[in-house]
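Here the sequence shown is numbered in our numbering, starting from 359 and rising by one per residue.
Every residue gets a Cβ at the ideal spot worked out from N, C-alpha and C, and that includes glycine.
The model shown is predicted, which means the values in this text are computed figures rather than measured ones.
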Amino acid sequence: MLTEEQRYAAELVAKGEKIVDIAKLCKVSRQTVYDWKEKKDFKAEVDRFVNDIKSKSEKNIAMSLETYIKELEKIALTGKSEKNKLDALQYLVNRVLGNTTTKTEITTDNNKEDKKEFDLSVLDQAIKEDSKDETYLS
Numbered sequence: 359m360l361t362e363e364q365r366y367a368a369e370l371v372a373k374g375e376k377i378v379d380i381a382k383l384c385k386v387s388r389q390t391v392y393d394w395k396e397k398k399d400f401k402a403e404v405d406r407f408v409n410d411i412k413s414k415s416e417k418n419i420a421m422s423l424e425t426y427i428k429e430l431e432k433i434a435l436t437g438k439s440e441k442n443k444l445d446a447l448q449y450l451v452n453r454v455l456g457n458t459t460t461k462t463e464i465t466t467d468n469n470k471e472d473k474k475e476f477d478l479s480v481l482d483q484a485i486k487e488d489s490k491d492e493t494y495l496s
């Protein structure tokens, strides 16, 4: 069971505070904070705080998601920079259709261990370079 000091220190660790600052705020030595960080209960409390922070952040982002998408659409359709427009459109398409994988494993025979990898990023780069030559966006 953790003390209030340890819980507070765990919260500060989860927020990314420096050990020296945590020690000052909890009125303990740095070594004490390092010792706490090794304890199973303390690690579990840090993990709980990290998960709480992630959860709150995800909720905040989700609440503003519609605004973010509208801004991306505005950049994609009315932006002055062709690169920014292309990047915004590509992001929106990837969000709907999913990101393409960068590598695909090809097995030529089930009994053989002969496997080949094809790097799709080469194809992706070629498409991007080709799109510079042709204007798809107004």
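Three-state class that DSSP yields for residue i in the structure shown
{"i": "Ser439", "result": "coil"}
{"i": "Lys385", "result": "coil"}
{"i": "Glu424", "result": "helix"}
{"i": "Asn409", "result": "helix"}
{"i": "Leu450", "result": "helix"}
{"i": "Lys373", "result": "coil"}
{"i": "Met359", "result": "coil"}
Proximity test, residue i beta-carbon vs the ligand HEM heavy atom, cut-off 7 Å
{"i": "Leu450", "result": "Ligands are entirely absent from the displayed structure, and the ligand HEM is therefore not among its contents."}
CA-to-CA distance, residue j to residue i, given in whole angstroms
{"i": "Val454", "j": "Asp410", "result": "28 Å"}
{"i": "Gln389", "j": "Lys412", "result": "28 Å"}
{"i": "Thr436", "j": "Trp394", "result": "53 Å"}
{"i": "Gly374", "j": "Tyr449", "result": "30 Å"}
{"i": "Val386", "j": "Leu447", "result": "52 Å"}
{"i": "Lys417", "j": "Leu423", "result": "10 Å"}
{"i": "Gly456", "j": "Lys382", "result": "47 Å"}
{"i": "Lys441", "j": "Tyr366", "result": "46 Å"}
{"i": "Lys438", "j": "Lys401", "result": "49 Å"}
Beta-carbon proximity check, residue i vs residue j, cutoff 8 Å
{"i": "Ala368", "j": "Glu396", "result": "no"}
{"i": "Tyr392", "j": "Ile377", "result": "yes"}
{"i": "Phe407", "j": "Ala434", "result": "no"}
Nearest-angstrom beta carbon gap, residue j and residue i [assumed within contact, 8 Å]
{"i": "Asp399", "j": "Leu360", "result": "6 Å"}
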